[in-house]
Amino acid sequence: MDNPMKTKAHLENALAEAQKRIAELERHAARCGRATEDSFEDSDNASVYMTLMHEAFNASPIGLAIFDTDMRYVTINRTLADLNGKPAQDHIGRRVRDIIPDLAGEIESVMRRVLHTGQPVLDIFISGSVASQPGITRYWNQHCFPLKDNRGRVIGVSIVVEEITARRRAEEALKESEKKYRTLFDSIDEGFVLADVVFDENGRPVDAYFAETNDAAANMLGQDVTGRYFRDVFSEGRVYLLDVAGQVALTGRNVRMEHFLEPDKKWYSFFLFKIGGPDSRRIGTIFQDITERRRAEEERARLLQDTDEQRGRLQAIIDSLPVGLCITDNTGKIIFMNDIAKGIWIGRAHYAKNIEEFSSDKAWWSDTGERIAAEDMPVARSLRGEICKTLAVDFERSDGTRGTQLVSSAPIRTSDGSITGSIALIQDITEQRRAQRALRESEEKYRSLFESSIDGILLTMPDGRITAANPAACRILQMTEEEIVQAGRDGVIDTSDPRLRLALEERRRKGKARAELIFRRKDGTTFPADISSSVISDQEDHIRSSVVFRDITERKEAEKRIRKLNEELEQRVKERTGDLIETVDRLDKQREVLQTIIDSIPVMLMFYDPAGKIYLVNRELEKVLGWSKEEIQTMDLMAAVYPDPQYRREVREYMMEAEPGWKDLMMTTRSGTRVCSSWSYVRLSDGSQIGIGIDVSERRRIDQDMKRLATAIEQSGEGIVIHNPDWVIVYANPAFEALTGYGREELMGKGISDLAEYFHGNDYGDISEYISRHGKQWSGVQKRKRKSGEVIDINLTVAPVHDQEGRIMNYVSAVRDVTAELRMQNQLAQNQKLEAIGTLAGGIAHDLKNILTPIVINTEVALMDIEEDHPVRELLEEIGQAARMGSDVVSQIVTFSRRSLQEKKPVAIESVVKESVDFLRSALPSTIDIRLQLSAGNARVLADPTRIKQVMVNLGSNAGHAMRENGGNLFIETAQERLNEEKASVVSPDLKAGRYVKIMVRDTGVGMDEQTKRRIFEPFFTTKKQGEGAGMGLSVVHGIVKDHEGAVSVWSKPGKGSIFTVFLPVCRDSSGTGDEPSFLSASGDA
């Protein structure tokens, strides 16, 4: 198995998990010491243990040292003392700067950090020279650990130093050789596969064709699967992935999952998405090996601490060793082995076995391949007094697999020189050897790829000179390699392309660049090419660069088809980046919470012995449950806290499993109150358990309240917007998006000045000033402009949100569209105004009629009694004409006020319109062309035909007056239209829903402005000159249409003409569906 101390991510995760169990470790340290002594119970006495530990410390081939809180040497083993070039006794009481001043700055800085934080610092890379070999650079890997007493106080620092010079040099040589070729084919880190799913006749996925894969996919899969089928490549263990791919291809729904592939013994994360239209069966898959991450999450570190200060220091060194440690007695029997040594041999070793078992026929010399006899094993040789250093041994594990380990061993001697045992340090280098082989194979593979690649590859100098070109480059450019080298970069790439300069600048800054450039062939023709260029360096650190290019002339059209896929991938990358940022934020917050928990321990703790009996609880548990510690230790706590037998059985099963994670449990307290809590149980090596519980009742209640509040805001019909103190939008609900037409992504992060079009003026500045001055909410009606340009009326409420100190931390705006509501209110006010005027006009008309009637009659009688040439006859005729004109006005007033009762009957509306048009043709000037279009069919309305004609004549006369100077066209059209409640209310607030005959009178006259249009239905309002009209025509039209349960609307703009539209309800005896509004006849019958 991999050495866990070598993986920094593993160490960080293990450390985080160890912090969660800090409470366990404070109580468990003593037991750990006793357990260690128990392993030596067959020794003569306890001093043998201490002697072995000291001998192991000094004989270790890895440098070890301990420092006090002043960073002075307390002890150091021979290995590290020799490395420093001074005897071990010369170190004691001195600082690092006194011994190795060149490296002291970095080492003492790390020690100060460990002393300050109480946390280990791992994998510190150090390079330099030693006194015995000046001028030769050597490399070390250093780990620094805190030493703590029983109360958790840091009392010193231990340092572990491992020399890695040989390994470092070997790896650097191989990596430098590989680096030159690997960078040519670098792409995304994640595996990417395009595949076409194959279905049988029943619609079940049976196979998949791999259309395209990237290098990362080939590396993770161990082979290039492009052009092959799924079942030809993979075993039945991966068929589950084929089923998921089928679901994605059929449904189009993306799938994100993590899955353990049994054949590989690895965890992978997968993201599957569909490519193309509904009939497409192509999917894309992005996957990544997450095995190490999962291992790190599942790993649980154990930090042991001895109650005795000296034993604790030695134990800390043993625990921190990044290698396996094995100790035998003088007979070869194993008396101690750390976890790393056990893991290397995968459980073959245990305390009752003898070291000879590890040789047998299961070990070979790594260099020669010869089997190792038991007496030649390093440990056996050390028992004879030899010191064996870093011997490479191949061995067979208990599961049949083979590995390679470096073994160093030394004898353990007493003060008189007699050998009492041996100590061996074992390091598993299986993966290192495998990596070295892989690097060599990779170099050969990439050299072959350079020659056989279908893409052109150029190796260039920083000044643009070309030093090498592969066969594909020669073929694409139609040149020999010598011609390409002679032409240089400027000879094969169009230097006038501005993208070339940008690509070179990007490569200079980032070390690599991708671009699309124009290349030139030998014959002078050009073609577009995708290029990928990287900066590389050889073993002498000479800077070179590589250019990989591909002719994409034919691919241009294909790019358009996959552009959508690229956009989706970019969105996924953004989402993933956001998830990573969110995860980092959560980890930061959890780290702060964890520190607070460690400081105050606000959790419930229960400690069980191996028999399951509670022997220790903390105060938090007493406070939550209500029983004292003494009562808990003498009572059946499980029965009291979990009174339901079935539920209690489930809790016991969960405790027995002691799996990582938390489980929500409902506890019953002493008072009978039920408390929601979350528990995690950890089983220790001696069979005891620690239970960690958290009271989550209040947190659950708050979470539920927050979810309800968030749901209410999201589902609210009113627009809700939240601003920060600078009036920048930080939240907008869906209702606000629908009201304004702006999407949430357009609104987030925008200030008031950024949305000037929407705010339709500077009124929001007045609002913000009012709230800032008074510190309270503002409400009112304002105008806003939607994204579409439509201006609407809104009811706006803006309120400040204060923090505990009274400072404004946010502003909340509630927005409601009241455009239709205000329009209906205005129309209702206009109707009420006309009704009031009509009532007044009716009374006035009655009085005028009584005055004018005697004048008309007496004038006519007087005219009958006088001669034609009588001098007063002309005056009497003028009086009579004026009186008759007054009577006509009175008649119109009476009509407007609806005081006259006319008989209504079903009337074919189109015949009435035709008669009215015939009259208008003779009445209007010839410069006005009347065009009639009848589309109402046989629709009939319940009406007085004479009054409908009056409506048509009045509207036609008004249109003729508007076109009197320049002439024009008068369009009269009829049609049927069904109005729902919404459409009817737009025409008039009191218009009912149903089927209507629509009569539209449209002219091309001078039109009206808004101010005129608002007053046209008012009695006596006219735009005509004095003597041309009384201003009653449109008022009468409005009164007649209103009397017929209809409505009239108008549209007009200056210079654009006017359109008057009359809506009259269709009578029930007309052809229709029967869903017309119900109207009474003039006589009151239905």
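0 is the number of the first residue of the sequence shown in numbering that gives the first Met the number 0; add one for each residue after it.
Backbone N, C-alpha and C fix where the C-beta goes; we use that ideal spot for every residue, glycine too.
Best match in the options for proximity to residue i [C-alpha to C-alpha]
i	options	result
Leu405	Gln485, Ser447 and Pro321	Pro321
Ile285	Lys332, Gly226, Val192 and Ala434	Val192
Leu260	Val247, Phe233 and Phe270	Phe233
Thr1003	Trp266, Ser679, Lys1052 and Leu1033	Lys1052
Leu821	Asp802, Lys782, Val95 and Ile333	Lys782
Gly62	Pro100, Cys143, His115 and Thr116	Cys143
Leu847	Ile865, Ala819 and Gly885	Gly885
Leu941	Phe918, Leu933 and Ile908	Ile908
Gly226	Pro100, Asn213 and Met219	Asn213
Asp278	Met219, Lys341, Asp206 and Asp195	Asp195
Leu121	Leu249, Ser268 and Ser319	Ser319
Asp529	Arg508, Leu499 and Asp522	Leu499
Asp685	Ile274, Phe606, Thr479 and Leu249	Phe606
Val113	Arg1067, Pro145, Asp917 and Arg977	Pro145
Gln632	Tyr646, Asn617 and Lys573	Asn617
Thr945	Arg507, Asn957, Ser910 and Leu931	Ser910
Lys1120	Met634, Leu604 and Tyr614	As shown, the chain starts at 0 and ends at 1085. That puts residue 1120 outside it, with no answer to give.
Glu430	Pro1064, Arg401, Ile535 and Arg648	Arg401
Residues near residue i in its chain [Cβ-Cβ closer than 6 angstroms; skip 5 each side]
i	result
Arg26	Low confidence applies here, because Arg26 scores a pLDDT of 46, under 50, leaving its location unreliable and the question unanswered by this model.
Ile75	Ala64, Ala87 and His90
Gly455	Ala471, Ala472, Ile475 and Phe548
Ile854	Ala882
Ile339	Gly323
Thr290	Lys265 and Trp266
Ala1081	Confidence in Ala1081 is poor, its pLDDT being 30 and thus under 50, which makes the residue's placement unreliable; the coordinate value appears in the next sentence. Excluding sequence neighbours, Ala1081 sits near Glu902 and Lys903.
Arg520	Leu476 and Gln477
Ile428	Thr403 and Leu405
Contacting residues, own chain, Cβ-Cβ under 8 angstroms from residue i (five flanking each side not counted)
i	result
Thr389	Pro60, Leu405, Val406 and Ser407
Cys387	Pro377, Arg380, Ser381, Val406, Ser407, Ser408 and Ala409
Thr479	Cys473
Glu107	Met70, Arg94, Val95 and Arg96
Tyr769	Trp777
heavy atom of the ligand GDP below 8 angstroms from residue i C-beta
i	result
Ser627	Judged by which ligands are present, the structure shown has none, so any question about the ligand GDP falls away.
CB-CB length for residue i against residue j, believed under 8 angstroms
i	j	result
Ala938	Leu990	Contact doesn't hold; Cβ gap of about 17 angstroms is too wide.
Ile751	Tyr741	About 13 angstroms; that fails the 8 angstroms criterion.
Ser421	Thr330	That pair is no contact at about 10 angstroms.
Buried versus exposed, by CB contacts within 10 Å (16 or more), residue i
i	result
Asn201	exposed
Gln222	exposed
Glu162	buried
Leu683	buried
Phe184	Because the pLDDT at Phe184 is just 39, under 50, the model does not fix this residue reliably, and the value given afterwards should be weighed accordingly. Classification of Phe184: buried, given that the 10 Å Cβ count is 16 or more.
Lys555	exposed
Thr1021	buried
Asp1042	buried
Asn979	exposed
Tyr810	buried
Asn469	buried
Tyr995	buried
Arg451	Going by the sequence as given, residue 451 is Ser instead of Arg. It counts as exposed.
Met747	exposed
Cβ-based neighbour list, residue i, same chain, cut-off 7 angstroms, excluding 5 preceding and 5 following
i	result
Tyr72	Ala64, Phe66, His90, Ile91, Gly92 and Arg93
Ile927	Gly959, Met962, Gly966, Gly967 and Leu969
Gly1056	Arg1001, Asp1002, Thr1003, Gly1004 and Gly1006
Arg785	Thr739, Gly740 and Ile791
Asn732	Ile712, Glu713, Ser715, Gly718 and Ile719
Val1036	Val950, Asn953, Leu954 and Val1047
Beta-bridge partners of residue i, as assigned by DSSP
i	result
His801	Ile807
Asp1086	Any answer about residue 1086 is impossible in this case: the structure gives the chain only from 0 up to 1085.
Leu320	Beta-bridge pairing links Leu320 to no other residue.
Leu738	None, per the DSSP bridge assignment.
Gln485	Gln485 is not bridged to any residue.
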